[in-house]
Every structure is written in C-alpha cells, then in structure tokens.
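Residue numbers (full-length UniProt numbering), protein chains in the order written: chain A, 1 to 379; chain B, 1 to 379; chain C, 1 to 379; chain D, 1 to 379.
Cβ atoms here follow ideal geometry from the backbone N, Cα and C, with glycine treated the same way.
Protein chains: 4
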Amino acid sequence: MAPITDHDVDHLDAHQDGVAYRAAIVGTGFMGRVHARAVHVAGGRVAGVVGSNVERAKDSLADMYADQVFGSLEEALDSRDVDVVHVCTPNHLHEPVALAAVAAGKHVVCEKPLSTSAASAAAMTTAAEEAGSLGVVPFVYRFHPMVREARAKVRGGEIGRVFLAHGSYLQDWMLRPDDDNWRVDPDLGGPTRAFGDIGSHWCDLMEFVTGERIASLSAQSSRVNERRGAQAPREVTTEDMVIVQFATESGSVGTVVISQVSAGRKNRLLLEVSGSQGSFCFDQENPEVLWWGGRDRSSMLVRDGETLSPDAARYVRVPAGHPQGYQDCFDALVADTRAAIGGQMPDGLPTFADGLRSAQVADAVVTSARERTWVEVGP
Amino acid sequence: MAPITDHDVDHLDAHQDGVAYRAAIVGTGFMGRVHARAVHVAGGRVAGVVGSNVERAKDSLADMYADQVFGSLEEALDSRDVDVVHVCTPNHLHEPVALAAVAAGKHVVCEKPLSTSAASAAAMTTAAEEAGSLGVVPFVYRFHPMVREARAKVRGGEIGRVFLAHGSYLQDWMLRPDDDNWRVDPDLGGPTRAFGDIGSHWCDLMEFVTGERIASLSAQSSRVNERRGAQAPREVTTEDMVIVQFATESGSVGTVVISQVSAGRKNRLLLEVSGSQGSFCFDQENPEVLWWGGRDRSSMLVRDGETLSPDAARYVRVPAGHPQGYQDCFDALVADTRAAIGGQMPDGLPTFADGLRSAQVADAVVTSARERTWVEVGP
Amino acid sequence: MAPITDHDVDHLDAHQDGVAYRAAIVGTGFMGRVHARAVHVAGGRVAGVVGSNVERAKDSLADMYADQVFGSLEEALDSRDVDVVHVCTPNHLHEPVALAAVAAGKHVVCEKPLSTSAASAAAMTTAAEEAGSLGVVPFVYRFHPMVREARAKVRGGEIGRVFLAHGSYLQDWMLRPDDDNWRVDPDLGGPTRAFGDIGSHWCDLMEFVTGERIASLSAQSSRVNERRGAQAPREVTTEDMVIVQFATESGSVGTVVISQVSAGRKNRLLLEVSGSQGSFCFDQENPEVLWWGGRDRSSMLVRDGETLSPDAARYVRVPAGHPQGYQDCFDALVADTRAAIGGQMPDGLPTFADGLRSAQVADAVVTSARERTWVEVGP
Amino acid sequence: MAPITDHDVDHLDAHQDGVAYRAAIVGTGFMGRVHARAVHVAGGRVAGVVGSNVERAKDSLADMYADQVFGSLEEALDSRDVDVVHVCTPNHLHEPVALAAVAAGKHVVCEKPLSTSAASAAAMTTAAEEAGSLGVVPFVYRFHPMVREARAKVRGGEIGRVFLAHGSYLQDWMLRPDDDNWRVDPDLGGPTRAFGDIGSHWCDLMEFVTGERIASLSAQSSRVNERRGAQAPREVTTEDMVIVQFATESGSVGTVVISQVSAGRKNRLLLEVSGSQGSFCFDQENPEVLWWGGRDRSSMLVRDGETLSPDAARYVRVPAGHPQGYQDCFDALVADTRAAIGGQMPDGLPTFADGLRSAQVADAVVTSARERTWVEVGP
C-alpha cells in the first residue's frame with residue numbers, strides 16, 4: 001500500500017480531546033450497531049444500550065461496544081454517564097424518546113425520518129432548541145467526500161446557475177408480497193413509507209448540495225402489493241413508489257423517482273444537477289467518483305485528497321483508489337456531532353431543523369399525491 | 001475478425017427483390033443524408049432530391065447517392081420514377097409536403113414530429129390511410145436490437161407486471177444563449193421544442209417497449225435562455241426543458257426529464273422499467289447492452305445473435321462485440337419500410353398512427369404545463 | 001434528432017467523382033458481405049463476386065449488392081470492369097489470389113493476416129509495389145475516430161514520452177471442444193491462429209497509435225482444447241491463447257493477452273498506453289469514448305466532432321451521442337482506399353507493408369513461444 | 001436506511017470474548033493509523049505505539065486510539081500488556097522488529113513485503129513457527145467479499161479448469177521526477193520497488209483466488225525516472241514498472257503489468273481469470289461487484305449478503321448498495337487475526353508463509369528481469 005504512508009491525507013480527528021461523548025443507544029437492531037461502531041470509531045464510548053427486550057439486548061453488547069444494558073429508557077436518561085442519546089427505534093417512538101432525552105438534558109442523534117408528521121418534528125425541534133440540546137438527524141449521504149465536492153462546486157459558481165435536478169432512489173427489498181417490515185404499518189412507520197424512508201434522503205441531499213429549496217411539488221404514489229405478509233397477509237396502506245416533480249424557490253425544476261420495489265436496484269440513489277456552466281451526477285453506490293460534465297468535457301472526478309476542495313478533502317480518510325464506504329460516512333457524522341457538542345459547528349451537520357424540513361416536504365408529498373394537485377411546501 | 005465468417009448471423013435482407021424503392025428526398029441537410037444512405041444500403045435508389053436551394057442541392061448529390069436534383073417538389077411528385085417521398089424538412093412543412101405526396105400516390109417517410117399539432121397529424125394519418133399510402137415516422141431507436149430484446153421480454157412475461165417506467169433524454173446543444181436553430185421559432189418548429197423534438201422519442205420508445213399507454217400526465221416546462229441568437233438576440237417562447245410525470249391506462253406510473261441544456265449530455269436517452277419479475281435499463285448511447293435486473297441478479301445482456309430472442313436477432317448485423325450504431329438503425333428502418341411496401345408488415349414499424357399518438361401526448365404536455373394540472377391524453 | 005440537421009459535421013465524401021471503384025469480391029462469407037456493403041456505401045460498385053461454389057454465390061448476390069457471379073477467379077481478373085479485388089478467402093488463399101490480382105493489374109484489398117508467413121507476405125508486398133498496385137489490409141480498428149484521437153494526442157506530445165502499452169484481445173467463440181473452424185487447421189489458417197487472427201490487430205493498433213515499434217518480444221502460447229470438432233474430433237496444433245510481452249525500439253515496454261477462449265468476452269480489444277504526461281485507454285467494444293488520464297484527471301473524451309482533433313473529426317459521421325460502429329469503420333476504410341486509388345494518400349490507410357510488418361511480429365511470436373526466449377522482431 | 005434493520009446480515013463478531021488483543025503498533029505513519037483503527041474496531045486495545053520520534057508519536061496518540069507512547073521497541077516488547085506487535089515501519093526494519101517481537105513471545109502482524117529478500121522472509125517465518133507465534137501479513141485485498149466469492153466459485157468448480165489469469169496493478173504517485181519516498185532507496189525498501197510494493201499484492205491475490213501457483217516466469221522491469229528528488233536529485237536503481245508473464249504448476253498462463261507511473265490510475269488492481277466454464281474480473285477500485293462472464297452471460301455479481309456464498313457473506317457488514325471499503329478489509333483482517341489467536345484458524349488469513357511465498361516470487365522476478373530469461377520460482 002505504497003502511497004498511504006507518504007501522503008499527507010487530511011483526515012478527521014479520531015477524537016476531540018476533552019469533549020465527552022458517552023452515548024446511550026436506544027435500539028439494538030442493525031442501525032443501532034452502525035451507530036455504535038461510529039461512536040466507537042469517533043473515540044466516544046457506548047455507555048449503554050436500551051432494547052425492547054433486555055435479554056436480547058444483552059446478546060448485542062459485544063457488537064455494540066457497550067458497557068451495559070440499561071434496564072429502561074428512564075435508567076439511561078437518569079444516568080450521569082450519558083451525554084448523547086442515539087434513537088434507533090421504529091419511527092413512531094422517535095418523538096417520545098427524543099423529547100424525553102431532551103428533557104433530561106441530553107443531546108440527541110435521531111434516525112430519519114425525524115418523526116411521522118411535520119407537526120411532531122416541529123415540536124421536537126423546538127424542544128431541543130429550547131433545552132439547548134444538539135439534535136442531529138443522520139442524513140449520512142452528506143458525508144461522502146464527493147457530495148461535498150459537488151456542493152463546493154455549486155457554491156463556488158463552477159456549475160453556474162442551477163436549473164435542473166433529477167434522479168432516483170431505488171431499492172428492491174419490498175418487491176414481493178411476502179416482504180414485510182414494521183415500516184409497512186402506518187402506526188409504526190408513519191403515513192408515508194417509501195418517501196419517508198428514502199425519498200427524504202434524496203430531497204435532503206438535493207437541497208444540501210444545490211442550495212435550492214423545493215417550493216412546490218406534484219406527486220403521485222403507487223402500491224404494487226396491496227397485501228403483504230408471509231402468513232395471513234394483511235392490507236397495506238403505505239406506498240411502494242412515489243414520483244415527485246418540483247419547482248424550487250429560485251425557479252429550478254426537477255423530478256425524482258422513489259421505489260422500494262425495483263428489482264435489481266439495491267440502494268441506487270442518483271442525483272444529477274445541471275446548471276449554466278456544468279453538470280454533475282452522483283451515484284451513492286459508486287461514491288468514489290463524481291461525473292462532471294460540460295459542453296466540452298465528460299470527466300470523472302476522483303476522491304483524491306490531493307485534488308479536492310478543502311470542504312471535501314476534510315472527509316478523505318484514505319488515499320484515492322482505496323474505497324471509502326457507508327460506514328465511513330457514519331463515522332464522520334458522529335465525529336462532527338462530537339465536534340458540535342464541543343462547540344464547533346461543522347458545516348453540513350444535519351440537524352433537527354433539517355429533519356423538520358424533510359417532514360414538511362413529506363407532508364406536501366402526501367397531500368399532493370392524495371389530491372393530485374400541485375402543493376406548496378409549507379413551514 | 002475471426003468469428004464473423006463462421007457464425008450464422010440472421011441479418012436483414014439487403015434488398016427485397018421486386019419491390020421498387022425509388023425515393024425522392026425532400027431536404028438535403030444532415031437528416032436528408034442519413035435517409036439517403038439508408039435508402040442506398042437498403043438496396044433502394046435515390047431517384048432525386050428536392051432542396052430549398054437548387055444550387056446547394058446539386059452540391060449534395062454525391063453525399064446523397066442521388067441521380068438528380070428535382071427542380072421542385074411538384075416535379076418530384078410528378079415523376080413516375082418515385083415510389084416513396086422522404087420528408088426531411090423543418091417541421092412546419094411536414095404536413096403540406098406529406099399531404100401532397102400522398103395525393104400524388106406516393107408512400108411517405110416523414111421525420112418526427114409528424115406535425116406541429118395533433119389535429120394536423122390526424123389529418124395526415126387519415127389522408128395516407130385513405131390513399132392507401134404507407135406512412136412511416138422514423139422513431140429509429142425502436143431498431144436497436146436490445147430495444148427489441150426488452151420488448152420481447154415484456155411480451156414474454158419475463159418482467160411480470162410492469163408498474164414503473166422512468167428515464168431521461170438529455171442533450172446540451174442548446175445550452176448557451178447563442179445556440180440557435182430553426183426549432184426555436186414556433187412558426188417553424190411548433191409550440192413545443194424540447195418535448196416535440198426528443199421527448200416524443202422517449203414516449204414512443206417507452207410505449208413501444210412496455211405496451212403501456214400514457215393515460216394522464218402532469219408536466220412542467222422551463223426555459224433557461226429567454227433570448228437566443230448570436231447577433232440581435234430575439235425572445236424565445238419554446239421550452240428548453242420539460243418534466244413529465246404520468247400514469248398509464250393499466251395503472252403504471254412514471255416520469256421523464258427532457259432537456260436540451262444539460263451540459264455534457266449529448267444524446268442521453270435512458271429508459272428504465274420495473275416490473276414484478278424484473279427490471280431493465282436501456283441507454284441509447286451504449287446500445288449494445290441491456291441491463292437486466294432481478295432480486296438476485298444484475299446482468300448485462302449483450303447484443304449477441306446467438307442468445308437473443310428472434311425479434312431482436314432479426315436486427316443483428318454483425319457478431320457480438322462489433323458495435324452497431326445509429327446508422328444501422330436507420331438502415332433497418334428503411335429496409336422494413338421497403339418490406340412493408342412489398343406487402344409484409346414488419347412488427348414495430350413506426351407509422352403515421354404512431355406519429356399521431358406522439359402528437360397527442362405532446363398536446364397534453366403543452367396543456368398540462370400551461371395549466372399546471374393533470375391532463376388526460378386524448379385521441 | 002434535433003442537432004443533426006444543424007451541426008456542420010465533417011464527414012467523408014461518400015464518393016470520389018471520377019475515381020472508378022468497381023470491385024470483385026472473392027469470398028461470399030460474412031467478411032465478403034461486410035466488404036460489399038462498404039464498397040456500396042463508399043459509392044463503388046460490386047462488379048461481381050467469386051465464390052468457391054457458384055450456386056451458393058448466386059444466392060448471395062442481393063446481400064452483396066453484386067451485378068453478377070464470376071464463373072472463376074480468372075474471369076474476374078480478365079474483366080475490364082474490375083478495378084479492385086477484395087480477398088475474403090481463408091488465409092492460405094490470400095497469397096495466390098492477391099498475386100494473381102496484382103499480376104492482372106488490379107488493386108487489392110486483402111483480409112488479414114496478409115499471409116501465413118512473413119516470407120509470403122514480403123513477396124506479396126514486393127509484387128504489389130512493382131506492379132504499381134495499391135495493396136490494403138483491413139486493420140479496421142484504425143478507423144474508429146477515438147483511435148485517431150489517441151494517435152493525434154501522441155503525435156501532438158500531449159501524452160509525453162510513451163513508456164508503457166498493454167492490453168488484451170479476448171473472445172470466447174472457440175471456448176468449447178466442439179467449436180470448430182477452418183482457422184484451426186494450420187494448412188488453411190497458418191501456423192498461428194489466435195495471434196494471427198486477432199493478436200495481429202492489437203499489435204497493429206498499438207504501433208499505429210503510439211508510433212512505437214516492437215523490437216523484441218517474449219511469448220508463450222497455450223491450448224485449451226487439444227482436440228476439436230463435433231463429430232470425430234481431431235488433434236489441434238494451433239494455439240487458443242498467446243501472451244506476448246515486448247520492448248520497443250525506443251525502450252517502452254508492454255504486454256498483451258490474446259485469447260479465443262475467454263468466456264463472456266466477445267471482442268474485447270483493450271489498449272492502454274501510459275506516458276510522462278498522460279495515459280489513455282481504448283476499448284473497441286465501447287469505441288465512442290477514450291479514457292484520458294492524468295495525475296489530476298480521469299476524463300472520458302467523447303466522439304464529438306466539435307471537440308476532436310481534425311485527424312479524428314474526419315471520421316465522424318454523426319453527432320456525439322449517436323453511436324458509430326464497426327461497419328462505419330469498414331465504410332471509412334474503403335472510402336480511403338478509393339481516395340488512395342484516386343491519387344491521394346490518406347493518413348493511416350493500412351497497406352501491404354503493414355500486413356508484412358504484422359507477419360514479421362507473428363513469426364517472432366511463434367519462434368519465441370517455441371524456444372521460450374526473447375526474440376528480435378526482424379525484417 | 002430502511003433495509004438495514006430488517007435483514008439478517010451475517011457479520012463478523014466485533015470482538016471475541018476472552019481473546020486478549022492488546023497491540024503495540026510500531027510506526028505511526030498512515031499505515032500505523034489504519035492498523036490502529038482496525039484494532040480498535042475489532043474490539044482490541046492499542047496498548048501503545050512506538051515511533052522513530054517520541055514527540056511526534058505523542059501527537060498521534062489520539063489518531064491511534066493509543067494508551068501511551070512506548071519509549072522504545074524494547075519497552076513495548078517487555079510489556080506484559082502487549083499481545084501482538086504490528087510492524088508498520090519501512091521495509092528494512094521488518095525483519096529485526098518482527099524477530100525481536102517473536103523472541104519476546106508476541107504475535108506479529110507485519111506489513112508487506114514481509115522482508116526484502118526470500119532468505120530473510122524464510123528466517124522470519126521459521127522463527128515465528130518455532131516460537132509458536134502467529135505471523136500475519138496484511139494482504140488485505142483478500143478481505144473484499146467479492147474476492148472471497150470469486151474464490152468460492154473457483155473452489156466450487158463453477159469456473160471449471162482455470163487456464164488464464166491476467167491483470168494489472170497501476171498507480172501514478174511516482175510519475176514525476178520529484179516524486180520521492182523511502183521506498184526508492186533499496187537500502188530501506190529492498191531491491192524491488194514496484195513489484196515488492198504492489199506486484200506482491202497482485203500475485204498473492206491471484207494465487208489466493210485461483211489456487212494456481214506460479215511455477216516459472218519471464219519478467220522485465222523499467223525505470224521512467226533515472227533520477228528522483230525535488231532538491232539534489234539522486235540516481236535511482238529501483239524499478240517504476242514491471243511486466244511479468246508466468247506459467248503455473250498446473251499449466252495455466254498469465255501476465256500482469258505493475259506500474260507506479262501510470263497517470264490517472266490511482267490504485268487500479270485488476271484481476272481477470274478465465275476457465276473452461278466461466279470467467280470473472282475483479283477491480284479493487286470498484287470492489288462491490290464481480291464481473292462474471294460465460295458464453296451466454298455477462299453478469300455483475302453484487303455484494304449482497306442474501307445471494308453470496310457463505311465464505312463471502314462472512315465479510316458482509318452492511319446490506320447491498322451500501323458500499324464497503326478499504327478500511328472494512330483491514331478491520332476484517334484484524335478480527336480474523338484475533339480469532340486465530342483465540343485458536344480458530346479462519347480460512348484465508350494471510351500468514352508469514354504467504355509473505356515468504358511472495359518474497360520468493362519477487363526474487364524470481366528480479367532474477368528474470370536481470371537475466372532476460374524464464375526463471376523457476378523456487379522455495
């Protein structure tokens with residue numbers, strides 16, 4: 001691995017001396033484990049975990065780098081050894097857990113969607129603000145270096161006036177009638193499934209990168225499987241696919257296709273943006289490069305610490321050609337969260353305000369799809 | 001080129017014995033030359049050309065494999081040596097030239113869009129039908145073998161129930177304010193520029209491949225350059241971009257982005273379709289492969305005469321790995337047109353009825369974009 | 001197809017007024033048909049064909065755009081209506097047919113490998129030279145515009161000092177023991193099969209593009225199937241794979257892998273070249289782009305008549321994004337051959353001298369593989 | 001990130017209860033930091049670091065998750081709190097550090113190349129064996145799930161008889177005359193630079209995946225920059241490029257191109273293997289997919305825990321479509337090392353025996369390049 005020893009790669013500090021980051025992680029499923037590893041890599045400590053089932057939670061201790069299992073959420077919130085609460089539960093519990101954590105004076109990292117309605121997300125945002133707690137929502141795709149490079153290009157004027165943004169977020173894990181999940185149930189997952197779960201990521205990423213804000217939209221949603229479940233299939237009310245077209249406050253236009261039923265697409269988040277001076281395309285499944293187009297060029301910008309803008313180079317951990325991945329994004333998000341707790345405010349850290357914004361867009365999507373009209377995205 | 005001699009590649013007959021194909025080509029620009037070459041390769045004869053300027057037309061004789069320049073359209077139509085008229089003029093002349101040709105008893109191949117309104121396209125379609133003339137519209141992307149393979153898969157049930165179709169058609173040749181063209185002028189090009197010119201291709205291809213028919217749509221159009229022209233820029237009323245989302249008669253949903261101002265995209269027609277058993281994606285700029293996805297697979301189907309369905313293999317001219325291209329599609333279109341004149345009706349030959357269908361979709365797009373509502377696509 | 005009518009694409013003249021190009025095509029297999037179409041497209045005439053079987057040859061008349069079947073080679077050579085003889089026979093007949101054609105005062109286009117030994121190829125080259133006949137060998141990959149672009153970059157110094165060239169030419173049509181062909185028989189195909197048939201293409205292309213000349217080489221060949229044939233398999237003596245590493249006269253180094261038995265590779269000719277200022281990579285199966293690398297860049301150069309060098313733009317027939325293919329190369333080769341007969345000498349037309357060079361490299365490969373030593377490539 | 005919570009992804013145990021893994025890391029450069037993070041993620045502890053400069057080492061403590069800086073190697077080796085020594089120094093120190101660690105009863109993870117000669121590597125291997133110490137060499141590319149999938153396919157017979165292996169390992173960080181590094185100096189890096197540093201990776205990977213062993217080889221090496229250094233350039237004796245062709249014990253053939261001067265190639269390790277039933281191609285820069293070719297197929301196998309073989313699925317940490325990267329490989333290597341210390345022997349853990357094998361191949365490459373002959377690879 002020749003070049004590694006010798007290049008001066010700008011990298012994130014593995015820890016922030018003097019900034020305590022003792023986390024309680026609520027939820028021991030896969031997302032919980034991803035959060036735990038990120039806390040551990042960021043130099044924090046997983047003070048304990050909270051699970052719906054104490055015995056099962058104990059089995060996860062090793063995977064979660066955790067010191068203990070808390071007997072209850074209250075026990076975790078009462079603990080003086082907890083600085084931050086990571087909420088990795090089903091969606092309907094985001095609000096009560098986060099509000100309780102904020103009330104207990106903890107910082108909160110809450111999985112997306114922040115909540116199942118814009119009203120609820122607004123309440124959470126206000127509560128955190130008033131309590132002086134940091135509230136973070138893991139829109140982790142913001143932490144791909146090439147996403148930051150695209151953003152830097154927009155900000156630096158290299159793309160000119162942005163007038164078009166489009167793309168997709170396609171998965172296939174809900175293709176079949178017997179594919180099932182708590183998200184299918186609106187009482188647990190909220191009224192929008194596909195958009196809430198992954199459409200929210202795309203819209204956040206688009207607005208984050210381009211600086212454009214969706215002002216109005218026209219959506220339609222669709223369901224492939226009217227009943228789901230291996231045994232005793234039950235009726236489904238949440239959508240499998242959503243199509244949204246939109247106009248932004250500045251007059252740009254765009255569209256995105258969201259699907260959890262597109263066979264062969266695993267996690268295909270594509271974002272393509274066109275402006276008066278250039279275009280780019282980012283593919284989350286191939287995040288080491290950014291297509292960068294112009295009238296006379298078709299380039300692949302490479303995640304190379306030696307050529308990127310400082311904003312992007314900050315998230316480069318290994319030299320070009322040594323792929324970074326999904327967990328690296330999460331690690332960087334927690335490192336930035338820790339820095340924010342320490343008083344810095346790293347550019348681009350997704351907060352509850354971003355989660356609220358996302359909930360407002362989701363509300364507009366649901367309304368538009370129901371009424372088949374253009375809808376303003378409201379505060 | 002080892003394998004070529006030895007494989008039995010099904011190929012199109014270079015000519016149809018006994019089927020006269022003597023063409024008059026109206027318009028000597030680039031499209032005229034593409035038509036001329038296709039006539040020549042298909043074993044037809046370019047009996048003569050008609051140009052707006054007789055002297056300039058004479059200069060094109062060699063490029064157009066033409067025997068002569070006709071002094072006027074009338075002269076061409078009067079000629080007993082002309083069986084087919086190829087209309088390669090600006091859009092506003094399609095109707096009068098085609099109607100005159102039909103009235104003279106000729107067959108017609110008329111560039112797309114067939115006409116600048118659905119009403120006019122309907123009149124042309126009826127006239128051809130009543131005269132017993134064959135009317136063909138060169139939706140040439142239908143002639144890529146991998147497009148036929150996708151169609152065969154849909155028809156054969158391999159993709160299951162189709163529920164999603166999306167994609168784009170992106171170009172950049174109109175990006176800059178000084179990029180200009182007769183299409184910009186609605187009197188010559190019609191009321192819709194980007195959609196009429198390239199959006200029509202995408203919609204035809206989608207409907208052709210999937211068998212789905214767009215029932216209703218919601219569109220928005222946008223203009224990047226309000227004025228165009230190198231000297232004395234003039235105001236522009238036609239659109240640079242269109243976004244269309246739609247629902248089909250069977251309940252499938254979809255969206256497409258059309259743009260002539262996306263820097264770095266030259267002719268990027270992408271069509272992705274998802275169904276209950278599989279998905280495919282076709283990229284016109286890379287037409288030798290078809291992505292073929294399933295829950296457990298991500299395959300690149302190769303244009304290989306030995307593995308394709310008969311409907312696709314019919315358009316294979318050279319062995320796998322020896323790229324076919326744009327002109328090969330045009331050559332195949334004219335070969336099939338000749339066969340149709342000879343009394344066969346090759347599957348998939350795009351006729352005036354398809355051009356009319358396309359004009360109806362275009363009308364709905366214009367209406368929807370103007371009124372910001374969902375619009376039914378009407379006959 | 002909006003942009004086509006409006007761009008001024010430099011294109012090859014479809015014909016050369018006053019330059020007669022009446023061809024006799026010897027061999028009516030697939031290569032014969034590819035030659036015939038190219039003659040037709042180039043504005044020449046297929047005066048007649050010669051086949052091993054007169055009846056079968058008659059069936060090919062339509063496909064070959066041919067006026068007649070000659071009763072024999074002699075009849076074709078005696079004809080005053082034949083200017084050029086295209087030799088599309090098995091390899092062992094290249095020499096006698098070409099020598100007879102030259103003796104009859106005809107120009108010759110002879111399929112590669114020019115002959116089955118360097119001595120024989122030298123004799124053919126001398127004969128054509130002394131007779132004043134043009135001798136052309138269809139190393140057609142030279143006619144991809146992006147190959148010309150790579151060559152222009154080398155010549156213009158954009159790549160700096162060339163020091164490395166490597167790649168492959170992989171096919172799979174001879175993978176199985178029952179895959180058979182006249183090329184397997186050394187009496188018909190010559191002593192080297194894989195290298196003679198496709199390795200020769202790669203070496204020609206590398207030398208053509210880089211200007212480097214292979215000075216010495218070390219090769220090994222290998223056979224996967226010791227016996228071939230569906231019925232009564234017989235012993236095989238020709239190779240299925242060859243690996244060649246080499247040094248050039250200027251001190252560059254390189255290697256190439258040649259295989260006719262690599263499952264899933266259809267016609268994968270890859271050429272990658274590195275120099276002190278940049279690198280490029282060309283993939284024959286994806287010929288519309290050229291990868292162009294530098295310390296700070298990874299670009300895809302697009303076949304766009306508006307941005308290419310004049311040497312490359314000369315072979316652009318259609319605008320960027322409308323794929324050109326294999327047949328377009330052949331059409332251009334014949335057009336350039338016609339121009340050469342007319343007294344021009346288009347840069348890059350592959351002649352008998354290039355075929356001889358190729359035979360010399362092939363001889364060195366055979367010797368090196370047999371003796372397992374480095375061998376000088378000799379004249 | 002919908003699917004994550006719900007899929008049962010087989011993942012590596014984050015730690016092995018009861019298996020102590022307290023590491024001393026010798027060398028605080030970038031590789032040292034990569035090792036440290038992997039120890040931390042694997043649930044081990046970085047008991048301390050040893051640096052050539054104690055002050056600078058102190059600055060790295062946070063990045064290295066380390067408890068302390070040892071004042072010297074001896075101090076680290078004397079410590080009862082150290083179970084494993086990670087050797088991340090320049091090459092010439094590998095042998096003395098590793099031998100001292102083994103003598104002190106420690107396990108050793110030693111960066112590649114294991115040593116600068118086969119004799120020295122043999123001594124280290126013997127010493128570790130006799131001491132009962134585990135010796136590991138981080139050929140980390142073995143830990144990409146798709147590499148394991150390829151290996152499983154070979155072992156399962158899906159590829160049939162392997163007869164061809166080829167590829168490249170290309171970088172550009174040494175392209176310019178002022179690019180410099182301790183590896184350039186043979187006293188520090190050893191007699192072979194490009195091959196020792198990255199060629200060793202390719203050969204290990206090829207042998208690991210295919211089970212083939214290189215029996216004999218013919219190599220040439222080349223130098224682009226005869227002098228290096230920004231100030232006071234000095235003469236260089238180590239190579240910038242190596243080309244190796246080889247035959248294996250079973251009769252397969254192959255070739256590989258190694259270069260540190262190929263502009264635009266950052267870490268391009270490609271391995272393509274062909275057999276009688278199929279082919280695959282792995283690209284380290286795009287490690288989430290494996291090309292899988294057959295006469296009738298061209299598939300991209302996706303790193304999807306639900307479809308991979310158990311041997312590959314073992315290294316899946318996140319669902320398909322969420323990229324894994326370079327650090328994930330290193331984390332898995334240390335996790336497997338810890339398991340091996342605990343008495344398991346995970347398949348595919350690269351040991352000193354593999355490092356020795358690699359040194360033997362390197363010796364043969366140096367000899368062959370010097371003598372321009374085929375050389376047997378010896379023990």
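Rounded distance between the beta-carbons of residue j and residue i, thought under 8 angstroms
i             : j             : result
residue 426/A : residue 83/A  : Any answer about residue 426/A is impossible in this case: the structure gives chain A only from 1 up to 379.
residue 163/A : residue 252/A : 5 angstroms
Residue i versus residue j - alpha carbon distance
i             : j             : result
residue 247/C : residue 364/C : 13 angstroms
residue 237/D : residue 227/D : 9 angstroms
residue 214/A : residue 179/D : 48 angstroms
residue 352/A : residue 329/D : 34 angstroms
residue 310/A : residue 153/A : 11 angstroms
residue 219/A : residue 266/A : 23 angstroms
residue 346/A : residue 172/C : 54 angstroms
residue 143/A : residue 35/A  : 15 angstroms
residue 186/C : residue 241/C : 15 angstroms
Three-state secondary structure (DSSP) of residue i
i             : result
residue 331/C : helix
residue 245/B : strand
residue 114/D : coil
residue 352/B : helix
residue 203/B : helix
residue 86/B  : strand
residue 47/D  : strand
residue 99/D  : helix
residue 169/B : strand
Exposure label - residue i; buried when at least 16 CB within 10 Å
i             : result
residue 230/A : exposed
residue 291/A : buried
residue 202/B : buried
residue 360/C : buried
residue 91/B  : buried
residue 182/D : exposed
Identity of the residue in the options nearest residue i by Cα
i             : options                    : result
residue 264/B : 190/A, 126/A, 279/A, 379/A : 279/A
residue 33/B  : 107/B, 327/B, 320/B        : 327/B
residue 354/B : 65/B, 114/B, 43/B          : 114/B
residue 56/A  : 42/A, 120/A, 44/A, 71/A    : 71/A
residue 110/B : 87/B, 312/B, 120/B         : 87/B
residue 313/C : 300/C, 50/C, 332/C, 371/C  : 332/C
residue 23/A  : 59/A, 60/A, 79/A, 243/A    : 79/A
residue 102/C : 93/C, 118/C, 112/C, 85/C   : 85/C
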